[in-house]
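**Q**
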Amino acid sequence: MSSASEADEAVEVVRRRGRRPVGQDTRGVILEAARVEFAERGFAAASVRAVARRAGVDPALVRQYFADKGELYAAGLIPQGTDPEQLVDRLVAGGVDGLGERVLRTVLGLWEVDGGERFRVAVGGLVGDAGAPGPGARVLSEFLGRRVFGRVATHLGDPVGALRMSLVASQVVGVLVARHVLRVAPLAALSVDEVVALVGPTLQGYLTGDLAFPLRAGAIEEQNSPHEE
1 MSSASEADEA VEVVRRRGRR PVGQDTRGVI LEAARVEFAE RGFAAASVRA
51 VARRAGVDPA LVRQYFADKG ELYAAGLIPQ GTDPEQLVDR LVAGGVDGLG
101 ERVLRTVLGL WEVDGGERFR VAVGGLVGDA GAPGPGARVL SEFLGRRVFG
151 RVATHLGDPV GALRMSLVAS QVVGVLVARH VLRVAPLAAL SVDEVVALVG
201 PTLQGYLTGD LAFPLRAGAI EEQNSPHEE
């Protein structure tokens with residue numbers, strides 16, 4: 001066999017290993033394998049090779065979709081096709097009335113479709129080496145903190161809009177943790193509608209109610225200014 005033929009044969013072996021049958025959602029299969037791998041082993045111990053093995057593909061194929069482990073991890077936390085700009089547009093379309101309930105229902109909807117598995121994976125990556133923010137913290141901060149909550153805050157027309165939305169964020173994330181990480185009963189067993197009915201008014205109070213405490217001098221300007229990483 002010529003060297004050219006051997007090379008062609010080697011390429012074909014890689015192709016057979018790296019491609020899934022036509023019609024299968026390769027990216028989705030890889031993401032599902034990654035979620036399981038990260039959930040079981042954590043971000044630090046998981047590897048692209050292990051994800052590829054679990055998905056039944058070649059590691060090179062994983063890297064065609066995701067540049068590195070961090071990108072693979074991040075992609076698995078946010079449901080595919082989620083557009084934060086469209087989310088914000090829908091949230092603010094109805095004005096401030098009922099905004100607390102809409103925010104809670106929307107965020108719960110994103111992370112409850114899989115029983116909270118994505119969110120549990122995110123929580124597992126909140127803390128990195130030496131107590132530094134981990135990849136989960138960075139993903140949630142970028143997506144929820146800046147691209148969703150941060151943009152909604154600009155639509156409030158309130159000098160303390162960012163503070164109001166940060167209070168909302170603390171409550172929403174707390175509900176997710178209680179339901180899907182700590183599994184606090186009976187909150188974990190309630191339907192989304194029940195949770196929204198119970199917690200939504202509290203969020204609305206954060207958004208439109210009187211924040212009954214004196215802000216120290218300069219606090220408004222400080223909390224509305226972007227923080228440097």
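Reminder that position 229 of the sequence shown reads as 229 in this note's numbering, one-by-one numbering, no gaps. Positions of the beta carbon are idealized from the N, C-alpha and C atoms, including for glycine.
Starting from R266, trace the alpha helix (DSSP H) in both directions and tell me its first and last residue.
**A** The requested residue 266 does not occur in the structure, where the chain is confined to residues 1 to 229.
**Q** Is the beta carbon of A153 sitting closer than 8 Å to the one on L140?
**A** Looking up residue 153 in the sequence shown gives position 153. Looking up residue 140 in the sequence shown gives position 140. Not a contact, by the Cβ cut-off of 8 Å.
**Q** Could you tell me whether the Cβ atoms of V168 and F143 are closer together than 8 Å?
**A** Counting from 1 along the sequence shown, the entry for residue 168 is found at position 168. Counting from 1 along the sequence shown, the entry for residue 143 is found at position 143. Going by C-beta atoms, V168 is not nearer than 8 Å to F143.
**Q** Could you tell me whether the segment 172–183 touches the segment 101–118, using the rule of 3 or more Cβ pairs below 8 Å?
**A** Yes, the segment 172–183 touches the segment 101–118.
**Q** Over the uninterrupted alpha helix (DSSP H) stretch that includes D89, give me the two end residues.
**A** Taking the sequence shown and counting its residues from 1, the one referred to as residue 89 is at position 89. Its alpha helix (DSSP H) spans residues 84–93.
**Q** Would you say E37 and A50 are within 8 Å of each other, going by their C-beta atoms?
**A** Taking the first residue of the sequence shown as position 1, residue 37 is located at position 37. Taking the first residue of the sequence shown as position 1, residue 50 is located at position 50. Yes, these two residues count as a Cβ contact at 8 Å.
**Q** For a quick check, are the C-beta atoms of L104 and G200 less than 8 Å apart?
**A** Within the sequence shown, residue 104 is the residue found at index 104, counting from 1. Within the sequence shown, residue 200 is the residue found at index 200, counting from 1. In this structure, the beta-carbon distance from L104 to G200 falls below 8 Å.
**Q** For A52, which option in V195, K69, A44 has the closest C-alpha, if you only look at C-alpha atoms?
**A** Counting from 1 along the sequence shown, the entry for residue 52 is found at position 52. Ranking the options by Cα distance to A52, first place goes to K69.
**Q** Where in the segment 34–73 do unbroken runs of the alpha helix (DSSP H), each at least 4 residues long, occur, reported from the N-terminal end onward?
**A** 48–55, 59–65
**Q** If we call anything under 8 Å between Cβ atoms a contact, is G124 one with F43?
**A** Taking the first residue of the sequence shown as position 1, residue 124 is located at position 124. Taking the first residue of the sequence shown as position 1, residue 43 is located at position 43. In contact: G124 and F43 (Cβ atoms closer than 8 Å).
**Q** Could you give the distance in angstroms between the alpha-carbon of E117 and the alpha-carbon of L156?
**A** As a working note, residue 117 is residue 117 in the sequence shown. As a working note, residue 156 is residue 156 in the sequence shown. Their backbone Cα atoms lie some 32 Å apart in a straight line.
**Q** Which same chain residues, not among the five before or five after R179, have their C-beta less than 7 Å away from its C-beta?
**A** Translated into positions along the sequence shown, residue 179 becomes position 179. So the qualifying residues of the chain are G116, L187, A188.
**Q** Over the uninterrupted alpha helix (DSSP H) stretch that includes G109, give me the two end residues.
**A** For the purposes of this step, residue 109 is identified with residue 109 of the sequence shown, where counting begins at 1. Note, G109: alpha helix (DSSP H), 99–112.
**Q** Find the nearest neighbour of T26 within the set I78, Q64, R147, judged by alpha-carbon distance.
**A** The sequence position of residue 26 within the sequence shown is 26, counting from 1. Closest by alpha carbon: Q64.
**Q** Provide the residue(s) that pair with V127 in DSSP beta bridges, ordered along the chain.
**A** Sequence index remark: in the sequence shown, residue 127 carries index 127 (1-based). Looking at the DSSP assignment, V127 forms a beta bridge with P133.
**Q** Roughly how many angstroms separate the alpha carbons of A67 and L198, rounded to a whole number?
**A** Start at 1 with the first residue of the sequence shown, and residue 67 comes out as number 67. Start at 1 with the first residue of the sequence shown, and residue 198 comes out as number 198. A67 and L198: Cα-Cα distance of roughly 42 Å.
**Q** If contacts are defined as beta-carbon pairs under 8 Å, then V113 and P59 qualify, I think. What distance do you get, rounded to the angstrom?
**A** Stepping through the sequence shown from its first residue, residue 113 is reached at position 113. Stepping through the sequence shown from its first residue, residue 59 is reached at position 59. Incorrect: roughly 28 Å between the Cβ atoms, too far for contact.
**Q** Grab the span of the alpha helix (DSSP H) containing R164 for me, first residue to last.
**A** Translated into the one-based positions of the sequence shown, residue 164 becomes position 164. Its alpha helix (DSSP H) spans residues 161–180.
**Q** Are the Cβ atoms of G76 and A34 separated by less than 8 Å?
**A** For the purposes of this step, residue 76 is taken as the residue at position 76 of the sequence shown. For the purposes of this step, residue 34 is taken as the residue at position 34 of the sequence shown. In this structure, A34 lies closer than 8 Å to G76 by Cβ.
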